[in-house]
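As numbered in the working numbering, residues 2 to 282 make up the sequence shown, in order. For reference, the structure is listed below as structure tokens.
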Amino acid sequence: MLKAKALCAVNGNTAPEIRPLMSVVEAPVPAADTHGNGLHDLIGGMQNIVIESVGIDEEIPETVVQLAIRMMKNNDLIKEPMREIRQLYDRGQENFSLSLSGRCNTEKKKIIELFQDMAGFVGNVRYCAESQKLNGSLVMMPRAHQFMTGQYLELAVHQTIKDVLQEFSVKYHADYEIYRNVCVADRRGKLKNEFDIAFRFNGIWYIVECKSGKCFSDWGGFAKVGMTYNVVPNRLLLVDSFISDRWAEQIQYSCRYYVCNLSANTLQEKVKKMVINDLAA
2 MLKAKALCAV NGNTAPEIRP LMSVVEAPVP AADTHGNGLH DLIGGMQNIV IESVGIDEEI
62 PETVVQLAIR MMKNNDLIKE PMREIRQLYD RGQENFSLSL SGRCNTEKKK IIELFQDMAG
122 FVGNVRYCAE SQKLNGSLVM MPRAHQFMTG QYLELAVHQT IKDVLQEFSV KYHADYEIYR
182 NVCVADRRGK LKNEFDIAFR FNGIWYIVEC KSGKCFSDWG GFAKVGMTYN VVPNRLLLVD
242 SFISDRWAEQ IQYSCRYYVC NLSANTLQEK VKKMVINDLA A
């Protein structure tokens, strides 16, 4: 998530020692998608700031990425059930019972099959036709928790953007690099910001924030962070699984960053527009 956030203290008193993976003067962090000079360009000129960590793609199996993409493509069907799943995790409740009442048989079938394919993240999935409820249990392990409460969307958006960049890299003969979960901290270990996705194309950096919940509304705060890193206007994108087309257009106009939901090819279109704007400049 892209927001200011204090780093948790150890034992409630002492902040953990941070061993920076990369500073503004060191070599870039190795990553599967690196084709350029690294993230130091994004924070270059900001004194005493280091890249604390980035997500490593090799840690995520391809089967998990493909599941995440299926979940994103079926967002309209599962966004409300996934919202309930998030609430259950917040309450520490393991068993779920999701109502599929009011949905057509085709929709029910797709939702049931998708949850059945979430093996390792949920279990004991069964549908009760009489009550029209999908029952099962959450896997109460850290990786499962992380994936089900938002990481699935980050992975799917990351892969979608990567596909666009690969296409554009060939088309425009330009290099690119893309990172997940970029944590920016000061040298004392205090976390400044987290970026869900940061990518560079043809020498220009862009930041993407993913929201799978329903409660985000700090439009101005998001714009301020973007201004701090000089990606507002036109190089900051908010991907929100719940936002309407009307709100997306309204916020995009007033805050001067891109906003999109997950309908059709909206995400790909927004990313392409961001990049093409700079190519045409």
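Ideal Cβ placement from N, Cα and C applies to all residues, glycine included.
Nearest to residue i (by Cα), restricted to the options the options
| i | options | result |
| --- | --- | --- |
| Phe196 | Asn182, Gly204, Ile205 and Trp206 | Asn182 |
| Lys215 | Arg87, Phe116 and Val272 | Arg87 |
| Arg247 | Val232, Asn231, Asn235 and Ser264 | Ser264 |
| Gln152 | Asn231, Ile70 and Asp176 | Ile70 |
| Asp164 | Gln269, Gly56, Gln251 and Ala282 | Gln269 |
| Ala130 | Gly124, His146, Leu99 and Ala120 | Leu99 |
| Ala175 | Asp279, Gly56, Pro62 and Gln67 | Asp279 |
| Lys109 | Asn125, Met275, Ile277 and Ser132 | Ser132 |
| Tyr90 | Cys211, Ala145 and Pro234 | Ala145 |
| Gln67 | Cys105, Gln94, Ile113 and Phe148 | Phe148 |
| Ile252 | Ile162, Leu156, Tyr180 and Ala224 | Ala224 |
| Thr117 | Pro143, Arg104, Met72 and Gly93 | Sequence inspection shows Gln at residue 117; the Thr mentioned does not correspond to that position. Cα-wise, what sits closest to Gln117 is Met72. |
| Trp206 | Pro234, Leu156, Arg104 and Asp219 | Pro234 |
| Asn106 | Arg92, Tyr128 and Val260 | Tyr128 |
| Met119 | Gly103, Gly137, Ser102 and Phe217 | Gly137 |
Within 9 Å, strictly: CB atoms of residue i and residue j
| i | j | result |
| --- | --- | --- |
| Gly222 | Leu237 | no |
| Leu78 | Leu139 | no |
| Val232 | Ile208 | yes |
| Leu154 | Ser213 | yes |
| Val158 | Val240 | yes |
| Phe97 | Glu81 | no |
| Asn262 | Phe243 | yes |
| Gly56 | Tyr230 | no |
| Asn75 | Ile112 | yes |
Assigned exposure category for residue i - 16 Cβ within 10 Å defines buried
| i | result |
| --- | --- |
| Val25 | The predicted model places Val25 with a pLDDT of 27, which falls under 50 and marks its position as unreliable; any figure quoted below should be read in that light. Buried. |
| Gln1 | In the structure displayed, the chain extends from 2 to 282; residue 1 sits before or after that span and is not available. |
| Tyr254 | exposed |
| Leu135 | buried |
| Leu193 | Reading off the sequence, residue 193 comes out as Lys, not Leu. With 16 or more Cβ atoms within 10 Å of its Cβ, Lys193 is classed as buried. |
| Asn125 | exposed |
| Lys271 | buried |
| Cys256 | buried |
| Ile162 | buried |
| Ile277 | exposed |
| Met141 | exposed |
| Ala249 | buried |
Range of the contiguous beta strand (DSSP E) that encloses residue i
| i | result |
| --- | --- |
| Phe97 | Asn96 to Ser100 |
| Cys256 | Premise fails: Cys256 lies in the alpha helix (DSSP H), Asp246 to Cys256, not in any beta strand (DSSP E). |
| Lys212 | Ile205 to Lys212 |
| Leu237 | Leu237 to Asp241 |
| Tyr90 | Unbroken run through Tyr90 is the alpha helix (DSSP H), Asn76 to Arg92; no beta strand (DSSP E). |
Segment limits, alpha helix (DSSP H) that includes residue i
| i | result |
| --- | --- |
| Ser132 | No alpha helix (DSSP H) holds Ser132; DSSP gives it neither H nor E. |
| Ile113 | Asn106 to Gln117 |
| Val272 | Thr267 to Ala281 |
| Tyr153 | Tyr153 to Tyr173 |
Could you check whether the region 196–208 touches the region 164–183, counting it as contact only if at least three pairs of C-beta atoms, one from each stretch, sit closer than 8 Å? yes
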